[in-house]
Amino acid sequence: MPAASKSGSPDFFDAISEPVEARPLEPNTSDPARNQSPTLPYCAQHNITTSLQSILEGACFKFAKCHVPELLTRKRWTCAHSAELSMWTKELSKTFEQSPSTVKLDKIGGTAQLPLLLKSLGDLRHSAVHRIPVPAEKLILFIRASLQMAEILEDEEKQTAIMAIMCAVNIALNKQKAEKKKIEDALSEQLRSIELQREKLDEEAREAKKQAAELANLLDDELGAIIFRELPVGMISH
Numbered sequence: 001m002p003a004a005s006k007s008g009s010p011d012f013f014d015a016i017s018e019p020v021e022a023r024p025l026e027p028n029t030s031d032p033a034r035n036q037s038p039t040l041p042y043c044a045q046h047n048i049t050t051s052l053q054s055i056l057e058g059a060c061f062k063f064a065k066c067h068v069p070e071l072l073t074r075k076r077w078t079c080a081h082s083a084e085l086s087m088w089t090k091e092l093s094k095t096f097e098q099s100p101s102t103v104k105l106d107k108i109g110g111t112a113q114l115p116l117l118l119k120s121l122g123d124l125r126h127s128a129v130h131r132i133p134v135p136a137e138k139l140i141l142f143i144r145a146s147l148q149m150a151e152i153l154e155d156e157e158k159q160t161a162i163m164a165i166m167c168a169v170n171i172a173l174n175k176q177k178a179e180k181k182k183i184e185d186a187l188s189e190q191l192r193s194i195e196l197q198r199e200k201l202d203e204e205a206r207e208a209k210k211q212a213a214e215l216a217n218l219l220d221d222e223l224g225a226i227i228f229r230e231l232p233v234g235m236i237s238h
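For the sequence shown, the UniProt record's numbering assigns the number 1 to the initial residue and increments by one for each residue that follows.
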């Protein structure tokens, strides 16, 4: 593939050209329940990331059809699924660079913020394609970046769909936080109860050992008395 020509302005797609390391999250084995960042079940994560990817591909196709139909003709892209998200953002970033008036870059704070947005979308695509689990905070970042992209492209339908995803994720995370707290509180209470029982059992064990020792001493005295009583008088030493 020929190298892209250099221009005076920055190449926005450079921001998403660097690969993201495909490494699953490693659990914190010391105390997972308390130390790990909140994480949704992977099945839910994958549904979210692939849905976001599909939504954005649709938004990009709709934008290109309206503003840069020549791109679709040149690439022979006939529908949203003709190209994956990274290819859409690569091609459209050129349009953003050459004709910034066609998009609402003020929605993200201007042109300077575009590389960061495209980097987040590149990470989203990478996570979806390579099945990489991400913590909840990263997932929310993907959703926010997707919403910003839909705002830039002025696709209200896609914005509504993405906001619905954000709402569902927030509901799930809030429930997860509340329920995990209940679980942790119940576990702490149960462990406290077990500790009290252990202390009581330890005390009972000490008392039982003490009584056993006293009984053993009494037995020794009794055995001595028996021997003293049974031996002939002349054999008893004093």
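Glycine included, each C-beta is placed from N, C-alpha and C at the ideal position.
Requested in this report: Answer yes if the segment 63-71 comes into contact with the segment 37-45, meaning at least three C-beta pairs across the two stretches below 8 Å, and no otherwise.
Outcome: no
Report task. Measure from the alpha carbon of I164 to the alpha carbon of each residue in R144, Q176, K175 and K177, then state which is nearest. Result -> According to the sequence provided, residue 164 is Ala. The question's Ile does not apply to it. When each option's Cα is compared against that of A164, the closest is R144.
Query raised in the report: What did DSSP end up calling D155 once you bin it into helix, strand or coil?
Result: coil
Query raised in the report: Going by the beta-carbon positions, is the gap between V169 and I55 smaller than 8 Å?
Result: no
Query - Nonlocal neighbours in the same chain, by C-beta distance under 7 Å from N217, ignoring five residues either side - result: none
Query raised in the report: How many angstroms separate the CA atom of E156 from the CA atom of I108?
Result: 16 Å
Report task. Could you check what DSSP says for L201 in three-state terms: helix, strand or coil? Result -> helix
Requested in this report: Taking all protein chains shown into account, decide if K119 is buried (16 or more other Cβ within 10 angstroms of its Cβ) or exposed.
Outcome: buried
**Report entry** Contact set for K104: own chain, Cβ-Cβ below 7 Å, skip 5 residues either direction
**Finding:** E151, I152 and E154
**Report entry** Close beta carbons around A80, own chain, < 6 Å, minus the five adjacent residues each side
**Finding:** E57, G58 and F61
**Report entry** Given K138 as reference, the closest of D221, M166, T111 and R206 once Cα atoms are compared
**Finding:** Relative to K138, the option among D221, M166, T111 and R206 whose CA is nearest is M166.
Requested in this report: Give the single residue among P135, R198 and A186 whose Cα lies nearest to the Cα of S37.
Outcome: P135
Requested in this report: Answer yes or no: do T50 and A128 have a C-beta to C-beta separation smaller than 8 Å?
Outcome: A128 is positioned such that its CB atom lies closer than 8 Å to that of T50.
Query raised in the report: If you check the beta carbons only, do V92 and I162 fall under 8 Å apart?
Result: Just to set this straight, residue 92 is Leu in the shown sequence, not Val. Taking 8 Å as the Cβ cut-off, L92 and I162 do not qualify as a contacting pair.
Query raised in the report: Quick one, are the C-beta atoms of L117 and F96 less than 8 Å apart?
Result: no
Query raised in the report: Roughly how many whole angstroms lie between the Cα atoms of K209 and A172?
Result: 54 Å
Query - S99, buried or exposed, once every other Cβ within 10 Å from all chains shown has been counted against 16 - result: So S99 ends up on the exposed side.
Report task. Write down every uninterrupted run of the beta strand (DSSP E) in the segment 77-150 whose length is 3 residues or greater and which is fully enclosed by it, in chain order. Result -> none
Query - With 16 other Cβ atoms within 10 Å as the buried cut-off, status of R125 - result: buried
Query raised in the report: For S37, does the three-state DSSP call read helix, strand or coil?
Result: coil
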